[in-house]
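Undergrad: Numbering (the numbering used here), first residue to last: 132 to 408.
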Ligand SMILES: NC(=O)C1=CN([C@@H]2O[C@H](COP(=O)(O)OP(=O)(O)OC[C@H]3O[C@@H](n4cnc5c(N)ncnc54)[C@H](O)[C@@H]3O)[C@@H](O)[C@H]2O)C=CC1
Ligand SMILES: [Mg+2]
Ligand SMILES: [Zn+2]
């Protein structure tokens with residue numbers, strides 16, 4: 132969108148200059164100035180570079196990504212996780228880092244052809260990896276996932292995964308499986324994770340979620356029938372909560388929180404929140 136500081140794009144990594152990010156397994160190198168380093172300087176630091184990608188512009192400057200095989204030490208810098216950078220940083224920087232982590236991870240996972248095992252190469256003019264011996268192209272991977280707030284009037288169905296921060300309850304989520312529509316996925320996941328039936332889900336909006344490569348498709352759905360039965364292993368606890376007495380909720384930058392805040396705003400007649408980028 133116009134006016135945003137981060138603009139993804141395909142730059143020729145054969146050129147010199149510009150700024151660079153160093154990424155390895157959802158972590159970025161950072162110093163007191165942030166995550167961007169003068170690119171030619173960074174490339175002189177004897178880093179274990181697997182591949183290099185021209186990924187776009189930030190404030191008009193060319194941005195490149197160095198994908199590394201390990202988190203090498205650089206004096207005066209430290210490795211910081213993407214989640215921490217999301218919580219601390221501005222939305223434009225997070226969008227840049229989310230994009231970079233997805234491109235870097237995809238390139239790392241496609242260094243060799245899954246069919247014949249030959250080394251793959253970057254295609255010029257397109258974001259793709261190519262196997263010369265069998266002609267296969269691989270494009271960046273996205274995993275469509277649904278996320279849904281199930282409601283019953285003034286009550287919200289919220290659940291806890293054992294992976295969540297202690298005390299936090301959230302909406303239900305899950306990956307779309309081959310052969311199903313997103314709407315079918317919503318009904319299946321709700322049935323599997325809490326054992327209840329819902330009416331046709333209403334699509335609300337989407338969010339790119341680079342942990343590791345989900346495209347979150349957000350819904351509201353009304354409860355129809357069934358008692359809550361948490362899925363063993365996946366759901367530690369699930370309950371109906373009154374909109375007037377809610378537990379600790381997920382971070383405001385997530386679509387999970389947006390789906391909850393939007394429902395509350397509509398129910399209580401408040402102004403509606405903004406969908407996080
Ligand atoms: N932005 C947000 O507000 C939120 C985003 N999410 C994201 O939604 C996604 C799905 O949520 P979960 O409840 O974890 O999924 P889920 O309910 O489908 O269960 C996760 C399990 O699915 C399997 N799995 C992993 N990757 C997969 C893939 N690409 N395709 C199919 N199955 C896969 C694994 O066995 C994993 O343990 C995750 O990426 C999660 O980070 C979840 C909640 C909030
Ligand atoms: Mg789930
Ligand atoms: Zn091949």
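Virtual Cβ for every residue (Gly too), placed ideally from N, Cα, C.
Looking at the secondary structure, which residues open and close the beta strand (DSSP E) in which residue 277 lies?
TA: What you label residue 277 is simply residue 146 of the chain shown in a count that begins at 1. From DSSP, the beta strand (DSSP E) with residue 277 extends over 274-283.
Undergrad: Using the C-alpha atoms, what's the distance from residue 264 back to residue 387?
TA: Taking the first residue of the chain shown as 1, we reach residue 387 at position 256. Taking the first residue of the chain shown as 1, we reach residue 264 at position 133. Spanning the two alpha carbons is a distance of roughly 44 Å.
Undergrad: With DSSP as the reference, please indicate the residues paired to residue 243 in a beta bridge.
TA: For the purposes of this step, residue 243 is taken as the residue at position 112 of the chain shown. 250.
Undergrad: Whole angstroms is fine: what's the gap from residue 364's alpha carbon to residue 148's?
TA: What you label residue 364 is simply residue 233 of the chain shown in a count that begins at 1. What you label residue 148 is simply residue 17 of the chain shown in a count that begins at 1. Going from the Cα of residue 364 to the Cα of residue 148 covers about 49 Å.
Undergrad: Looking only at its own chain, which residues have a Cβ that is under 7 Å from the Cβ of residue 384, when we skip the five neighbours before and after it?
TA: In the chain shown, counting from the first residue as 1, residue 384 sits at position 253. Result list for residue 384: 217 and 407, in chain order.
Undergrad: Pick out every residue whose C-beta is nearer than 7 Å to a heavy atom of ligand 2: which are they, in chain order?
TA: 292, 303, 304, 305, 320, 324 and 365
Undergrad: Identify the continuous alpha helix (DSSP H) that holds residue 389 and give its terminal residues.
TA: Here residue 389 is taken as the residue at index 258 of the chain shown, counted from 1. Taken as a continuous stretch (DSSP letters only), the alpha helix (DSSP H) holding residue 389 covers 386-399.
Undergrad: Which residue marks the beginning of the beta strand (DSSP E) containing residue 291, and which one marks its end?
TA: By one-based count along the chain shown, residue 291 stands at place 160. In the DSSP annotation of this structure, the continuous segment of the beta strand (DSSP E) that includes residue 291 starts and ends at 286-291.
Undergrad: Alpha carbons only, please: which of 185, 158, 224 and 193 is nearest the one belonging to residue 208?
TA: One-based indexing of the chain shown puts residue 208 at position 77. Residue 158 is the option with its Cα nearest to residue 208.
Undergrad: For residue 259 versus residue 184, is the C-beta spacing smaller than 8 Å?
TA: Sequence index remark: in the chain shown, residue 259 carries index 128 (1-based). Sequence index remark: in the chain shown, residue 184 carries index 53 (1-based). No, these two residues do not count as a Cβ contact at 8 Å.
Undergrad: Please classify residue 318 as buried or exposed, where buried requires at least 16 other C-beta atoms within 10 Å of its C-beta.
TA: In the chain shown, the residue the question calls residue 318 occupies position 187. Buried, by the Cβ-count rule.
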